[in-house]
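Participant: Residue numbers (full-length UniProt numbering), protein chains in the order written: chain G, 1 to 224; chain H, 1 to 356.
We put the beta carbon where it would ideally sit given N, CA and C, even for glycine.
Here the structure is a predicted model, which is why all the values come from computation and not from measurement.
Could you have a look at this structure, given as C-alpha cells, before my questions?
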Amino acid sequence: MKLLIIEDERELSGSIAAFLNSENYLCEQAFTFGEAMEKVNLYDYDCILLDLMLPGGNGLDVLREIKRQNNPAGVIIVSAKDSLDDKVNGLKIGADDYLAKPFHLPELSMRIYAIIRRRQFSSSNTLSSNDISVDLLSKEVHVKDRIVVLTRTEYELLLFFIGNRNKVISKSALAEHLSGDMADMLDNQDFVYAHIKNLKAKLAEAGADDCIKNVYGTGYKWIE
Amino acid sequence: MKSLLHKSLTQFIVCAAVLLLLATPLFYYLTKYFYAEDLIDIIEAVEAGNPLPAMDLERDLLVGVVLQFVLITGVLSIALVLMMRLISKRLWIPFDDTLRRIERFSLEGGSIPRFMPNDTQEFTRLNAALTQLMKKNLESYRLQKEFTENASHELQTPLAVFQSKLDLLLQQSDMTEEQAEIVQSLYEVTRRLSRLNKNLLLLARIENDQYKQMEEMDVARTLKEMLPLLEKLTEGITVHTDLGALPVQVEANRTLLESLINNLIINAVRHNVKDGEIFISVTDRRLTIANTSAEVGLDEQLLFSRFYRPSEKVQGNGLGLAIAKAICEYHGWHIHYIYKEGLHRFTVSFDKKEVG
Numbered sequence: 001m002k003l004l005i006i007e008d009e010r011e012l013s014g015s016i017a018a019f020l021n022s023e024n025y026l027c028e029q030a031f032t033f034g035e036a037m038e039k040v041n042l043y044d045y046d047c048i049l050l051d052l053m054l055p056g057g058n059g060l061d062v063l064r065e066i067k068r069q070n071n072p073a074g075v076i077i078v079s080a081k082d083s084l085d086d087k088v089n090g091l092k093i094g095a096d097d098y099l100a101k102p103f104h105l106p107e108l109s110m111r112i113y114a115i116i117r118r119r120q121f122s123s124s125n126t127l128s129s130n131d132i133s134v135d136l137l138s139k140e141v142h143v144k145d146r147i148v149v150l151t152r153t154e155y156e157l158l159l160f161f162i163g164n165r166n167k168v169i170s171k172s173a174l175a176e177h178l179s180g181d182m183a184d185m186l187d188n189q190d191f192v193y194a195h196i197k198n199l200k201a202k203l204a205e206a207g208a209d210d211c212i213k214n215v216y217g218t219g220y221k222w223i224e
Numbered sequence: 001m002k003s004l005l006h007k008s009l010t011q012f013i014v015c016a017a018v019l020l021l022l023a024t025p026l027f028y029y030l031t032k033y034f035y036a037e038d039l040i041d042i043i044e045a046v047e048a049g050n051p052l053p054a055m056d057l058e059r060d061l062l063v064g065v066v067l068q069f070v071l072i073t074g075v076l077s078i079a080l081v082l083m084m085r086l087i088s089k090r091l092w093i094p095f096d097d098t099l100r101r102i103e104r105f106s107l108e109g110g111s112i113p114r115f116m117p118n119d120t121q122e123f124t125r126l127n128a129a130l131t132q133l134m135k136k137n138l139e140s141y142r143l144q145k146e147f148t149e150n151a152s153h154e155l156q157t158p159l160a161v162f163q164s165k166l167d168l169l170l171q172q173s174d175m176t177e178e179q180a181e182i183v184q185s186l187y188e189v190t191r192r193l194s195r196l197n198k199n200l201l202l203l204a205r206i207e208n209d210q211y212k213q214m215e216e217m218d219v220a221r222t223l224k225e226m227l228p229l230l231e232k233l234t235e236g237i238t239v240h241t242d243l244g245a246l247p248v249q250v251e252a253n254r255t256l257l258e259s260l261i262n263n264l265i266i267n268a269v270r271h272n273v274k275d276g277e278i279f280i281s282v283t284d285r286r287l288t289i290a291n292t293s294a295e296v297g298l299d300e301q302l303l304f305s306r307f308y309r310p311s312e313k314v315q316g317n318g319l320g321l322a323i324a325k326a327i328c329e330y331h332g333w334h335i336h337y338i339y340k341e342g343l344h345r346f347t348v349s350f351d352k353k354e355v356g
C-alpha cells in the first residue's frame, strides 16, 4: 500500500510515517504545496493524507487537482483548523474523511485502513484476525463459526483493535475513538476498561484466545 | 468653524440687542408718562407763563426712577433667562446627539456611529476624538478576538506532534512500568491541553460570530439523540428524564445546541457525588438540568465566568459553564442557576424575553 503524507510539519509527518511504515504501508512525504502537486501528478497512491495549510498554497487546491485527474486515491484531510466550512468544502470537493489535529496515530491508521478497504472493491467484507472474523456488512462477529453478540461499543472496539493489530493503543486513543468529542470532556477514562473487560469476556466465552494485552494500564495491544 | 465661547457670545449679544430694541418703545412710553411727566408739566407752565402746578416733585421722581429701574431689571432678567435657554438649547443640540449615539454604542455591535456634522469647534473635535477612540477600540477588540482564535489554531500542530510522539513512544517493546506511567501522565497533560485549546477556540468562534447557520431544532429530540452517548459518562449516576410529549422548537445552530447540552450534562456529572442523581427536563420551553452534589449553593455571578472553579477536587478547565452562557447569549436565550432542595439547578429558557 502506498501512502502520501502531505504535511509541512516535519516532526508530525515523520511520526506518521514511522507509525504507518511498520504496518506494511509505504509512506512518501511531501512538505510543500509544490512537492505535493509534483508527487500527485507523477505517482499513484492508495491513500493521501492532506494538510490544508501548506507553504506555497492551499491544500484544497491539491485536492482539486487529485479529483481533476480522476485519481482513485483516497484522501484524508488532516487540518489544524477544524472548522465546519473547511470540512464541508473538503468533503464536497471529494475528500473521503476529515481528521482534526491533534489526533491519535491509531485513529489515523484506522481511518486509512477503512478507506483502503472501501476502495478495494474486490476484497470481501470480512475482517479476520486469529480465530475471529467480522462481517462488516451484517456487523456479525464469529469466533470459529460461533456467533458472538456484541454491543455497539464492543463492536467498534473490536474493529479498532483489529485495525491496529500488534500496535499499542493508548487508553486516550481508545476513549476518543469510542466517544468522539465527548471523550474530550471526560475526566475519567475508566469506561474504556469496562468495555474492554466485557469484550474480552465475551470473546473468551466463545472460545477465542486472549489477544488483548494490557500494557501497564497505559494502553492495550491486539496480538495477532 | 467657531469656538463655543465665540458662538454663545455672538448669539447672546445679538439676542440682547434685539430685545433692547424691542423694549425701546416701552422705555419711551415709561419715560414720557412717568419719569419726565412732571418736568414736561413744569416746562409747559414756564413757557406759558402760568404758575407752577402744585406737585410733589420729589415723590414723583422717585416713583418714576424706581419704576424704570424695576422695568429695566425685569426686562433684562426675563430676556437673560429666555436667551440662555434658547441659546444653550440650540448650541448643545450636536452635543446631545453625540451623547445619545455613544450611549448606544457597543463593542459587540461593531459599528461606529455617524455624528451630526456641526460648525462648533469643540463639538467637531469631540466627535473626531470619539470616532478615533471607538475605531481604535473596535480594532483592538477585533485583534484580541482574532488572537485567541489564531493562537488556538497555532497550538494544534505542536500538540499533534507531541501526541504523535507519545503514540510512537508507546510502541517501544522494552518499556518499563515506570516509563509507561510517565507516558500515561503525559497523555493526561496533552488531553487537558487540547481540551483547553478546543474550548478557547469554541469561545473565540462564538465571539467571532462564526456559527451563523441556524436551523429549526427540537430540543427534546436533540437531547433524546444525545442521551445514549451521554450514558457513557453517567455511569453510577441515576439519570431521570422528563422530555415532555410536545416538541420544543428553537432556532439554533446545531453544533452550539449540542455543545450546550453536553456542557451542562458534563457539568452535572463532574460535580456529582457517587450514586448521585441527575434530573433532566424539557418543559414549557425550558431545559432544566439539576444534579446532586457535595457542594452547597454557588455564586451565580461567578459561576459563569471563565476559569472559575469553586473546588479543587474536580477536574475540568473551568470553561464549560462560560461556554454554556456564551451559547445562550449568542441565541438570545437565558441561563439561570439556582440551588434549591439540595439540587444545583441550571435552567435555560428558550424564549427571548427575560423571565422573572
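1) How many angstroms separate the CA atom of H:Pro94 from the CA atom of H:Met116?
2) Between G:Arg152 and G:Asp86, what straight-line distance do the alpha-carbon atoms span, to the nearest angstrom?
3) Quick check on the DSSP output: the beta strand (DSSP E) that includes H:Tyr339 runs from which residue to which?
4) So with Cβ pairs under 8 angstroms, would you call H:Leu168 a contact of chain G?
5) Going by DSSP, name the residue or residues bridged to H:Arg286.
6) Let me check understanding here. Comparing Cα to Cα, which of H:Leu230, H:Glu251, H:Arg285 and H:Val273 lies closest to H:Ile261?
7) Can you tell me which of the three DSSP states H:Gly318 falls into?
8) Under the rule that 16 or more other beta-carbon atoms within 10 Å means buried, what is G:Glu9, buried or exposed?
9) Just list the alpha helix (DSSP H) runs in the region 37-79 of chain H, keeping only unbroken ones of 4 residues or longer that don't cross its boundaries, in chain order.
10) Can you say whether H:Pro25 is buried or exposed, counting buried as having 16 or more other CB atoms within 10 angstroms of its CB?
11) CA-CA distance, H:Glu149 and H:Tyr211?
12) Mind listing which residues of the region 192-213 of chain H have their C-beta closer than 7 angstroms to chain G's C-betas, in chain order?
13) Within the chosen definition, does the region 156-170 of chain H reach the region 169-179 of chain G through at least 3 CB pairs nearer than 8 angstroms?
14) Step through the CB atoms of chain G and report whether any lies within less than 8 angstroms of the CB of H:Glu215.
15) What does a CB cutoff of less than 8 angstroms around H:Asp41 pick up in its chain, not counting 5 residues either side in sequence?
16) Would G:Thr218 pass as an interface residue toward chain H - the criterion being a Cβ-Cβ separation below 8 angstroms?
17) With three or more beta-carbon pairs closer than 8 angstroms as the criterion, would you say the region 10-27 of chain G touches the region 80-95 of chain G?
18) In whole angstroms, give me the CA-to-CA distance for H:Ile206 and H:Ser152.
19) Would you say H:Leu4 reaches chain G, if we count a Cβ-Cβ gap shorter than 8 angstroms as a contact?
20) Tell me which residue opens and which closes the alpha helix (DSSP H) that H:Cys15 is part of.
21) How about G:Leu157 and G:Leu105: are their beta carbons less than 8 angstroms apart?
22) Which chain H residues are close to G:Leu91, counting only those with a beta carbon under 8 angstroms from its beta carbon?
23) Using a Cβ-Cβ cut-off of 8 angstroms, state whether G:His142 counts as contacting chain H.
24) Cutting at 8 angstroms between CB atoms, please list the residues of its own chain near H:Asn197, excluding the five before and the five after it.
25) Output, in chain order, the set of chain G residues within a Cβ distance shorter than 7 angstroms of H:Ser164.
26) Does the structure place the region 247-258 of chain H close enough to the region 213-221 of chain H that three or more beta carbon pairs sit under 8 angstroms?
27) Just reading off the beta strand (DSSP E) that G:Val78 is part of, what are its end residues?
28) With respect to the beta strand (DSSP E) encompassing residue 268 of chain G, which residues constitute its N-terminal and C-terminal limits?
29) Closer than 8 angstroms, CB to CB, is H:Leu319 near chain G or not?
30) Against chain G, which members of the region 249-262 of chain H pass a CB distance test of less than 8 angstroms?
31) Would G:Gly59 be called buried (16 or more neighbouring beta carbons within 10 Å of its own) or exposed?
32) What is the rounded straight-line gap between the Cα of G:Ile93 and the Cα of H:Glu146?
33) Using a Cβ-Cβ cut-off of less than 7 angstroms, list which residues of the region 132-165 of chain G approach chain H; keep chain order.
34) Taking the alpha carbon of H:Thr241 as the reference point, which residue from H:Gly109, H:Leu80 and H:Arg221 has its own alpha carbon closest?
35) Please report how far the alpha carbon of G:Leu52 lies from the alpha carbon of H:Gln144, in whole angstroms.
Facilitator: The relevant details are as follows:
1) Stepping through the second sequence from its first residue, residue 94 of chain H is reached at position 94. Stepping through the second sequence from its first residue, residue 116 of chain H is reached at position 116. Approximately 6 angstroms between the Cα atoms of the pair.
2) Here residue 152 of chain G corresponds to residue number 152 of the first sequence, with the count starting at 1. Here residue 86 of chain G corresponds to residue number 86 of the first sequence, with the count starting at 1. Their Cα atoms are separated by approximately 30 angstroms.
3) Along the second sequence, read from residue 1 onward, the residue named residue 339 of chain H stands at position 339. Secondary structure note for H:Tyr339: its beta strand (DSSP E) is the uninterrupted segment His334 to Lys340.
4) By 1-based counting over the second sequence, the position of residue 168 of chain H is 168. Judged by the 8 angstroms Cβ criterion, H:Leu168 is in contact with chain G.
5) In the second sequence, counting from the first residue as 1, residue 286 of chain H sits at position 286. The partner list for H:Arg286 (beta bridge, DSSP) reads H:Thr283 and H:Ser349.
6) Counting from one through the second sequence, the residue named residue 261 of chain H turns up at place 261. Looking at the Cα atoms, H:Leu230 is the closest of the given residues.
7) Start at 1 with the first residue of the second sequence, and residue 318 of chain H comes out as number 318. Three-state DSSP puts H:Gly318 in coil, outside helix and strand.
8) One-based indexing of the first sequence puts residue 9 of chain G at position 9. Result: buried.
9) Whole alpha helix (DSSP H) segments, 4+ residues: 37-48.
10) Position 25 of the second sequence, counted from the start, is the residue given in the question as residue 25 of chain H. Result: exposed.
11) As a working mapping, residue 149 of chain H is identified with position 149 in the second sequence. As a working mapping, residue 211 of chain H is identified with position 211 in the second sequence. Answer to the nearest angstrom: the Cα atoms are 14 angstroms apart.
12) Hits within the stretch, in order: Ser194, Arg195 and Lys198.
13) yes
14) The residue labelled residue 215 of chain H in the question sits at position 215 within the second sequence. The beta carbon of H:Glu215 sits no closer than 8 angstroms to any beta carbon of chain G.
15) Stepping through the second sequence from its first residue, residue 41 of chain H is reached at position 41. Around H:Asp41: Pro53 and Met55.
16) As a working mapping, residue 218 of chain G is identified with position 218 in the first sequence. Look at G:Thr218: its C-beta is under 8 angstroms from a C-beta on chain H.
17) no
18) Taking the first residue of the second sequence as position 1, residue 206 of chain H is located at position 206. Taking the first residue of the second sequence as position 1, residue 152 of chain H is located at position 152. Their Cα atoms are separated by approximately 14 angstroms.
19) Translated into positions along the second sequence, residue 4 of chain H becomes position 4. Cβ-Cβ to chain G under 8 angstroms: no for H:Leu4.
20) Position 15 of the second sequence, counting from 1, holds the residue named residue 15 of chain H. Here the alpha helix (DSSP H) through H:Cys15 covers Leu4 to Leu30.
21) Position 157 of the first sequence, counted from the start, is the residue given in the question as residue 157 of chain G. Position 105 of the first sequence, counted from the start, is the residue given in the question as residue 105 of chain G. No, they are not a contact pair.
22) Here residue 91 of chain G refers to the residue found at position 91 of the first sequence. Residues of chain H passing the Cβ test: none, with the nearest at roughly 16 angstroms.
23) Here residue 142 of chain G corresponds to residue number 142 of the first sequence, with the count starting at 1. No Cβ of chain H is located within less than 8 angstroms of the beta carbon of G:His142.
24) Taking the first residue of the second sequence as 1, we reach residue 197 of chain H at position 197. Ser152, Leu155, Gln156 and Leu159.
25) The sequence position of residue 164 of chain H within the second sequence is 164, counting from 1. Listed by position along chain G, the residues whose Cβ is nearer than 7 angstroms to that of H:Ser164 are Leu12, Ser15, Ile16 and Leu105.
26) yes
27) Here the question's residue 78 of chain G lines up with position 78 in the first sequence. Here the beta strand (DSSP E) through G:Val78 covers Gly74 to Ser79.
28) Limits of chain G in this structure are 1 at one end and 224 at the other, which puts residue 268 of chain G out of reach.
29) Here residue 319 of chain H refers to the residue found at position 319 of the second sequence. So no, H:Leu319 is outside the interface.
30) Thr255 and Asn262
31) On the first sequence, residue 59 of chain G is found 59 positions in, with the first residue counted as 1. So G:Gly59 counts as buried.
32) The count along the first sequence starts at 1 and reaches residue 93 of chain G at position 93. The count along the second sequence starts at 1 and reaches residue 146 of chain H at position 146. Taking the Cα positions, G:Ile93 is about 28 angstroms away from H:Glu146.
33) none
34) In the second sequence, the residue the question calls residue 241 of chain H occupies position 241. Nearest of H:Gly109, H:Leu80 and H:Arg221 to H:Thr241, Cα basis: H:Arg221.
35) Taking the first sequence and counting its residues from 1, the one referred to as residue 52 of chain G is at position 52. Taking the second sequence and counting its residues from 1, the one referred to as residue 144 of chain H is at position 144. Cα-Cα distance, rounded: 25 angstroms.
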